[in-house]
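A short write-up of the structure that comes next.
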Amino acid sequence: MPQVTLTVNGKKHTVEVEPRTLLVELLRETLRLTGTHVGCDTSQCGACVVHVNGDSVKSCTTLAVMCDGAEVTTIEGLARPDGTLHPMQEAFREYHALQCGFCTPGMVMSAIDLVQKNPQGLSEEEIRHGLEGNLCRCTGYHNIVKAIAAAQEVMHGRRKELARAAE
Amino acid sequence: MNVVSNKWIGQRTIRPDGADKVTGRAAYAADATMPGMIWGKILRSPHPHARIRSIDTSKAEALPGVKAVVTAKDIVDFPVDTPVPLGIQDMRWMCRNVMAREKALFHGHPVAAVAATTEEIAAEACRLIEVDYEVLPWVIEIEDAIRPDAPILHDFLRFEGRPSNIAGKLEHRLGDVEAGFAEADVVIERSFATRPVHQGYIEPHACLVSVAPDGKTTIWSSSQGQFMVRAMTSLLTGIPQSDIRAIPAEIGGGFGGKTIIYLEPVAVMLSKKSGRPVKMVMTREEVMRATGPTSASRSTVKIGARRDGRIVAAQGTFYLQAGALPGSPIRGAAGCAFAPYDIPNVHSVGYDVVSNRSKVAAYRAPGAPIGAYAVECVLDELAEALGMDPLELRLKNAARQGTKAAHGPVYPRIGFAETIEAALAHPHYKAPLGKRQGRGVACGFWFNAGGESSAQVNVTEDGNVVVTTGHPDIGGSRASIANITAELLGIDYRRVSVLIGDTATIGYSNLTGGSRVLFASATVVTQSVEKVITQLRERAAKIWGIDPDAVKWEDGQALPAGDNAGRFPPLTLKQLAAKASETGGPIGAGVQLNTTGAEGGFATHICDVEVDPELGIVRVVRYTAFQDAGRAIHPGYVEGQMQGGVAQGIGWALSEEYVYDRQGRVDNASFLDYRMPVCSDLPMIDTVIIEVPNPKHPQGVRGVGEVPIVPPLAAISNAVYNALGRRFYSLPMSPPKVLATLEGAAA
Numbered sequence: 001m002p003q004v005t006l007t008v009n010g011k012k013h014t015v016e017v018e019p020r021t022l023l024v025e026l027l028r029e030t031l032r033l034t035g036t037h038v039g040c041d042t043s044q045c046g047a048c049v050v051h052v053n054g055d056s057v058k059s060c061t062t063l064a065v066m067c068d069g070a071e072v073t074t075i076e077g078l079a080r081p082d083g084t085l086h087p088m089q090e091a092f093r094e095y096h097a098l099q100c101g102f103c104t105p106g107m108v109m110s111a112i113d114l115v116q117k118n119p120q121g122l123s124e125e126e127i128r129h130g131l132e133g134n135l136c137r138c139t140g141y142h143n144i145v146k147a148i149a150a151a152q153e154v155m156h157g158r159r160k161e162l163a164r165a166a167e
Numbered sequence: 001m002n003v004v005s006n007k008w009i010g011q012r013t014i015r016p017d018g019a020d021k022v023t024g025r026a027a028y029a030a031d032a033t034m035p036g037m038i039w040g041k042i043l044r045s046p047h048p049h050a051r052i053r054s055i056d057t058s059k060a061e062a063l064p065g066v067k068a069v070v071t072a073k074d075i076v077d078f079p080v081d082t083p084v085p086l087g088i089q090d091m092r093w094m095c096r097n098v099m100a101r102e103k104a105l106f107h108g109h110p111v112a113a114v115a116a117t118t119e120e121i122a123a124e125a126c127r128l129i130e131v132d133y134e135v136l137p138w139v140i141e142i143e144d145a146i147r148p149d150a151p152i153l154h155d156f157l158r159f160e161g162r163p164s165n166i167a168g169k170l171e172h173r174l175g176d177v178e179a180g181f182a183e184a185d186v187v188i189e190r191s192f193a194t195r196p197v198h199q200g201y202i203e204p205h206a207c208l209v210s211v212a213p214d215g216k217t218t219i220w221s222s223s224q225g226q227f228m229v230r231a232m233t234s235l236l237t238g239i240p241q242s243d244i245r246a247i248p249a250e251i252g253g254g255f256g257g258k259t260i261i262y263l264e265p266v267a268v269m270l271s272k273k274s275g276r277p278v279k280m281v282m283t284r285e286e287v288m289r290a291t292g293p294t295s296a297s298r299s300t301v302k303i304g305a306r307r308d309g310r311i312v313a314a315q316g317t318f319y320l321q322a323g324a325l326p327g328s329p330i331r332g333a334a335g336c337a338f339a340p341y342d343i344p345n346v347h348s349v350g351y352d353v354v355s356n357r358s359k360v361a362a363y364r365a366p367g368a369p370i371g372a373y374a375v376e377c378v379l380d381e382l383a384e385a386l387g388m389d390p391l392e393l394r395l396k397n398a399a400r401q402g403t404k405a406a407h408g409p410v411y412p413r414i415g416f417a418e419t420i421e422a423a424l425a426h427p428h429y430k431a432p433l434g435k436r437q438g439r440g441v442a443c444g445f446w447f448n449a450g451g452e453s454s455a456q457v458n459v460t461e462d463g464n465v466v467v468t469t470g471h472p473d474i475g476g477s478r479a480s481i482a483n484i485t486a487e488l489l490g491i492d493y494r495r496v497s498v499l500i501g502d503t504a505t506i507g508y509s510n511l512t513g514g515s516r517v518l519f520a521s522a523t524v525v526t527q528s529v530e531k532v533i534t535q536l537r538e539r540a541a542k543i544w545g546i547d548p549d550a551v552k553w554e555d556g557q558a559l560p561a562g563d564n565a566g567r568f569p570p571l572t573l574k575q576l577a578a579k580a581s582e583t584g585g586p587i588g589a590g591v592q593l594n595t596t597g598a599e600g601g602f603a604t605h606i607c608d609v610e611v612d613p614e615l616g617i618v619r620v621v622r623y624t625a626f627q628d629a630g631r632a633i634h635p636g637y638v639e640g641q642m643q644g645g646v647a648q649g650i651g652w653a654l655s656e657e658y659v660y661d662r663q664g665r666v667d668n669a670s671f672l673d674y675r676m677p678v679c680s681d682l683p684m685i686d687t688v689i690i691e692v693p694n695p696k697h698p699q700g701v702r703g704v705g706e707v708p709i710v711p712p713l714a715a716i717s718n719a720v721y722n723a724l725g726r727r728f729y730s731l732p733m734s735p736p737k738v739l740a741t742l743e744g745a746a747a
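Okay, here's the thing in structure tokens:
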């Protein structure tokens, strides 16, 4: 069986995989990082989004062997070791941008990549287009859009702390 | 009713499960694992209708790695002539839905299941099972299923003395509709159709089941009710409820679709046969093919009014597709359709129609959007015919306290008129519209529900509080329970932990459904906290050597009251908890009730659309929802329910539908081809919460989760009419349909 070596959330792993093993299977079944979810079979829902070498990818349609030597970040790797949440995680929590929470890890990972690649700042419309690959069925996306708009201010250093959600 | 200071009730507190859900810690059913665990897979029927002559599992069983195979023989049979109701379900139909018995009734119907050491081996073994099918004529659409020469699904079903696919009829009558229509100056009658739509929860059904050698069975699964899982699994496997422990995993959305089970009894039998823990996870394709979408519908609604706008008679006929086994939500369609209005003469009839597609499951306000779609579109035409503002017409006929509804009740104090008045006064209603834009309004009603709930409130030794309830938290109910507990005890909400117990650790609690959870659980939690406060006052009284009646509880501490006021320094929750062993033992209380007094929910929506005549695309560009929440314990999650319901309604109206091929198979069983709204399809969804407290609830709560999906189908249809001057009588108003209509109009 092929062997892959990859760094996941800062920790190096060498594992044997089948050629057909998907990255999401490696993460969930082998490494037991179950925060990355699977919601569909066709790469639409985005619940499985992780970062590979800094880019958001759908881990349900990425072969594990393609990630040999890669740096992978999952939802479990975002918060600081002391427990401080990433501004995007904090914003989702603060802005009630989740109900069931199943899409949340993928949403957060996609949103971080979207914001990082757009340092000029994103309009509501741009956020909405940037999230087309992530389905949420609970929230109507309303609070997700608001959370991302707030988080980008902190991520780009325009605000020190997250603006409190409106009362 | 408690006098509350409202320090925490009404606050947008951080949800107790927030950190878990943004860090990937929240444990969903598919995340569970056990030593020795194997994987279960289901073999599904490739035919929409076929008699099962025989099933040969020998080749599958011989495949290395296969540990167990089950078929309908392993599931308890419930003969079709003896009803066994369980909630709104009937075990006669549940046993046949979980595993096909005499016949496969839809494309995707489970026929057998395998457990093997890997998912791949289990799937391979499924392919080795030989099923001898006698393929039968099939029927899917309502209009085909009710024709006299239609293929009959069940020879035991009779309607009006003849074999039929009509499995049931429900009728509501009030007054005399014939006399009512005779009084009317304007009568409008129209027919409508809606397509089946799926609940679309992002988490596929999943479970992990372990049957120990002594028969003790543990189930971790994604459901809207661990007690429903236990009861149904017990009935379908013959294992007593006391031997089954159903543990609710975090649920990744349900919207009604997880109020029944599919996998659990199959996994139990696989585990029992193999002696190994068995995990089963559906693919999205399986979810779309074989789990409960809601009904397609065919409706006709006739409404008559006097020239002054007073509605004098209304009649509705609603045919709903049940899927392969009886049980479509005709009560929601026929019962909710006219419920927002004070109409003296009403006749509303629902028909339950079986056909060869998957059995429907509840979907958010089951049936109600179908009824409201027809009624609210006819009201729009009526307003136009009368030359009245559509909201004024609704306000003039709005049900109020004392109105007798056709489905039975006389309303107590309700807040329906307030939602219309708020909509009339809102800037959205008067805002100018752009080119090719239109505005529509619609209203909606949902029954809401009470029912059984249990709670346990314990004070920890360090003086904090743990609340356990029995309802999977699907939309933020834990946050609301924390707010209420903190409010009543006068402590910071962060000192309250809210947990969901399993069937072994908390008393029976009915489903998370019917918009009942906060209504019911707030009732039992409130009573439990009141008992705890009584205990705390008694403990303080004992310490001070005074009568408990001379102690009051205020702001998180016991204070001597009356003549004793000021005699002793206050005792805080922490101080009393520290002394609990000396003063009588642990402090805590539980309450279990069958709650009553849930009153109906009402909503009014305003929707603006923009139509692209080149592409046929309808976009919702502005949306405002007004709803009577009774009391918004956590406004953030009331708004969340409103926004989520509206978004689902927009999908139903514009893009979602099941498509079947010529062989009667689901042709779009994926999120690729079944088009749910993505972020860029939707605008911000503005919300206005109206609070007319429910007099029958300690905090005034009315259910809020379901009514938001009731008005959108009609609100959007009315807006499209307003934009185009052409009316659609069927959903979805998808681009091909809109284009065809526009081109037809041009030609």
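Line by line, the protein sequences are chains X and H. Quick note, the first sequence lines up with residues 1 to 167 if you use UniProt numbering. Quick note, the second sequence lines up with residues 1 to 747 if you use UniProt numbering. Ideal Cβ placement from N, Cα and C applies to all residues, glycine included.
For Asp681 of chain H, there is no enclosing alpha helix (DSSP H), as DSSP marks it with neither H nor E. Interface with chain H (7 angstroms Cβ-Cβ cutoff): Arg164 of chain X is excluded. The Cβ atoms of Gly40 of chain H and Ala125 of chain H lie no closer than 7 angstroms to each other.
For Ser717 of chain H, the secondary structure class from DSSP, reduced to helix, strand or coil, is helix. Among the residues of the segment 625 to 645 of chain H, those with a Cβ less than 7 angstroms away from any Cβ of chain X are Gly636, Tyr637, Gly640, Gln643, Gly644, in the order of the chain.
The C-beta of Gly121 of chain X comes no closer than 7 angstroms to any C-beta of chain H. Between Ala30 of chain H and Val70 of chain H, the gap from beta carbon to beta carbon reaches 7 angstroms or more.
Ranking X:Tyr141, X:Pro119, X:Gly121 by CA distance to the CA of Met107 of chain X puts X:Tyr141 first.
Among the bridge pairs identified by DSSP, Ser497 of chain H is matched with H:Val466. Separation of His37 of chain X and Val24 of chain X (C-alpha to C-alpha, rounded to the nearest whole angstrom) is 8 angstroms. Contact with chain H is found for Ala47 of chain X, since one of that chain's Cβ atoms lies less than 7 angstroms from the residue's Cβ.
Chain X has a Cβ within less than 7 angstroms of the Cβ of Val678 of chain H. Per DSSP, the unbroken alpha helix (DSSP H) holding Cys126 of chain H starts and ends at 119 to 128.
Counting of Cβ neighbours within 10 angstroms places Tyr658 of chain H among the buried residues, the total reaching 16 or more.
Secondary structure remark: continuous beta strand (DSSP E) runs of at least 3 residues inside the segment 277 to 343 of chain H, in chain order: 278 to 281, 297 to 305, 311 to 323. When DSSP states are grouped into helix, strand and coil, His428 of chain H belongs to the helix group.
As summarised for the segment 198 to 231 of chain H, there are no continuous alpha helix (DSSP H) elements at least 4 residues long confined to that stretch. Note: Trp39 of chain H is bridge-paired with H:Ala116, H:Lys279 in the DSSP secondary-structure output.
Taking a contact to require three or more Cβ pairs closer than 8 angstroms, the segment 589 to 609 of chain H and the segment 438 to 457 of chain H qualify as touching. The C-beta of Met66 of chain X has fewer than 16 other C-beta atoms within 10 Å across all chains shown, which makes the residue exposed.
Counting C-beta pairs with one atom in each stretch, the segment 215 to 229 of chain H and the segment 323 to 331 of chain H have fewer than three that are closer than 8 angstroms, which means they do not touch.
The beta carbons of His347 of chain H and Val186 of chain H sit no closer together than 7 angstroms. With respect to the 7 angstroms criterion, Pro265 of chain H and Leu236 of chain H are classified as neighbours on the basis of their beta carbons. When DSSP states are grouped into helix, strand and coil, Tyr637 of chain H belongs to the helix group. Uninterrupted beta strand (DSSP E) stretches at least 3 residues long and entirely within the segment 468 to 529 of chain H occur at 496 to 500, given in chain order. Shown in chain order are the members of the segment 277 to 306 of chain H whose Cβ falls below 7 angstroms from a Cβ of chain X: Thr283, Arg284, Glu285.
The beta carbon of Gly475 of chain H sits closer than 7 angstroms to the beta carbons of Tyr637, Gly640, Gln641, Gly705 from its chain, once the five residues preceding and following it are set aside; these are given in chain order.
Annotation: the continuous beta strand (DSSP E) that includes Trp553 of chain H extends over 551 to 554. A direct Cα-Cα distance of roughly 54 angstroms separates Val666 of chain H from Lys531 of chain H. Not a single CB atom of chain X sits nearer than 7 angstroms to the CB of Ser515 of chain H.
In this structure Lys542 of chain H is not in contact with Gly463 of chain H, their Cβ atoms being roughly 17 angstroms apart against a cut-off of 8 angstroms. For His13 of chain X, the uninterrupted beta strand (DSSP E) run begins and ends at 11 to 16, by DSSP. Burial is judged here by how many other beta carbons sit within 10 angstroms of a residue's own beta carbon; Leu672 of chain H has fewer than 16 and is exposed. By the neighbour-count criterion, in which a residue is buried when 16 or more other Cβ atoms sit within 10 angstroms of its Cβ, Val441 of chain H is buried. Its chain contains Thr217 as the residues whose beta carbon lies nearer than 6 angstroms to that of Ile239 of chain H, once the 5 sequence neighbours on both sides are disregarded; these appear in chain order. The three-state reading of DSSP puts Ser242 of chain H in helix, counting H, G and I together.
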